[in-house]
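To start, the structure itself, in structure tokens.
Numbering (the numbering used here), first residue to last: 22 to 407.
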């Protein structure tokens, strides 16, 4: 009798291990369609690995439910392979793993994670958070020009590649979040506008601790009926509360349905500045120099630049399109928070380089949709021509 009980106990343990993914089985959501699936593409294959564990601990303070799935793909630096987890209270349920080293800078790796998650954890709404280093549309540090730097492959995902990955998913992502530095740029937003409804990102560098996932996910689990715009705004609000006493911190939520109108407004301003370059070149240069910037002098607040143009050039052919840019930024940004020392932040930055950076990055900038569809690059070229 004792041996029979022991055998039943061992069988129960083995079955439980398989059900939780301990042996690498691909366990899927068995609870039907959720309200939200919250996906985190966590590229820890770099110097941020220890902070991945910290953010996972925050997530584990919240429990996936029938209404909200919290799904993470983790790529580590010191260990080959990658893992997918369904986050449960104080526990990570392994639902997929591989011993093969993944290149988390590859758009194919991102697309595979998103399509797999959507297939296995269907929901009414999807949020996708890209967790890693970020550099807007470009950055020299770490060789990064975009997002998701992978040390093992020494690669990064450009904005052109990010667009390619999202285009293969097969549906729009309601909330596209970038838990990474410097990603709230018009160039980034315009690149992804056809594949997501809302973009959440920072004009400035982020604290290394990243987003407050415990506070964000607690709110979502408590209110799974929240709309995509509410979730995007909630992320900004919780972030502002967490970093209220910090300096040099920003976060904003951008309605991507408004980005085409903002692009048109930027195009008209660029045309006006280009047309009047010989008359107002000095005023334009001063406007740029006095505009709020973030980490690098060529990443500057778009609204503040237009405001400086509006205030410094008394010519309706110039200040009217500048005013239109400000109005469209206000329309596109649905939530914005910044620390007090970045008082002229409004939620969207733009590339305004000096002559050396313009010459260094011009050929790369031309590959962006924003550069292709506007005269912004021609305006910059006129500004720095002889």
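Backbone N, C-alpha and C define an ideal beta-carbon position, used for all residues, glycine too.
Item: Local Cβ density within 10 Å of residue 367, reported as buried at 16 or more and exposed below that; Value: buried
Item: Per-residue DSSP class, three states only, for residue 396; Value: coil
Item: Pair within 7 Å by beta-carbon distance, residue 66 and residue 234; Value: no
Item: Contact check, residue 337 vs residue 56, beta carbons under 7 Å; Value: no
Item: Cβ shell of residue 45 (< 8 Å), same chain only, five flanking positions each side left out; Value: Confidence is the limiting factor: at residue 45 the pLDDT is only 37, short of 50, which leaves the residue's position unreliable and the question unanswerable from this model.
Item: Where residue 93 falls: helix, strand or coil (DSSP); Value: strand
Item: Bounding residues of the alpha helix (DSSP H) (the contiguous stretch that carries residue 409); Value: There is no way to answer for residue 409, as the model of the chain reaches only from 22 to 407.
Item: Through-space distance from residue 222 to residue 110, alpha-carbon basis; Value: 27 Å
Item: Check whether residue 208 and residue 391 have beta carbons under 7 Å apart; Value: yes
Item: Cβ-based neighbour list, residue 123, same chain, cut-off 7 Å, excluding 5 preceding and 5 following; Value: 96, 103, 130
Item: Backbone CA spacing between residue 215 and residue 178 [nearest angstrom]; Value: 18 Å
Item: Nearest to residue 374 (by Cα), restricted to the options 143, 315, 204, 289; Value: 315
Item: Residue 296 versus residue 152: straight-line alpha-carbon distance, rounded; Value: 41 Å
Item: For residue 371, three-class secondary structure by DSSP; Value: strand
Item: Proximity to residue 250 [Cα-Cα], best of 271, 275, 243, 227; Value: 275
Item: Burial state of residue 327 (16 or more Cβ within 10 Å); Value: buried
Item: Distance, residue 190 Cα to residue 206 Cα; Value: 23 Å
Item: Enclosing beta strand (DSSP E) for residue 69 [first to last residue]; Value: From DSSP, residue 69 is part of no beta strand (DSSP E); its letter is neither H nor E.
Item: Local Cβ density within 10 Å of residue 306, reported as buried at 16 or more and exposed below that; Value: exposed
Item: Check whether residue 134 and residue 94 have beta carbons under 7 Å apart; Value: yes
Item: Exposure label - residue 273; buried when at least 16 CB within 10 Å; Value: buried
Item: Inter-residue CB distance, residue 159 and residue 385 (contact presumed, cutoff 8 Å); Value: 6 Å
Item: DSSP-derived helix/strand/coil call for residue 64; Value: strand
Item: Collapsed DSSP secondary structure at residue 355 in the structure displayed; Value: strand
Item: Given residue 278 as reference, the closest of 182, 262, 355, 269 once Cα atoms are compared; Value: 355
Item: The alpha helix (DSSP H) enclosing residue 270, as first and last residue numbers; Value: That residue, residue 270, is in no alpha helix (DSSP H); it is neither H nor E in DSSP.
Item: Nearest-angstrom Cβ-Cβ length linking residue 91 and residue 147, presumed shorter than 8 Å; Value: That pair is no contact at about 12 Å.
Item: Residue 182, enclosing alpha helix (DSSP H) - first and last residue; Value: 180-188
Item: Secondary structure of residue 82, DSSP reduced to three states; Value: coil
Item: Contained beta strand (DSSP E) runs [length at least 3] in the stretch 191-218, N- to C-terminal order; Value: 194-200
Item: Close-in-space but distant-in-sequence residues of the same chain around residue 325 (CB under 7 Å, 5 per side omitted); Value: 312, 313, 365, 367
Item: 7 Å CB neighbourhood of residue 388 in its chain, flanking five on each side removed; Value: 181
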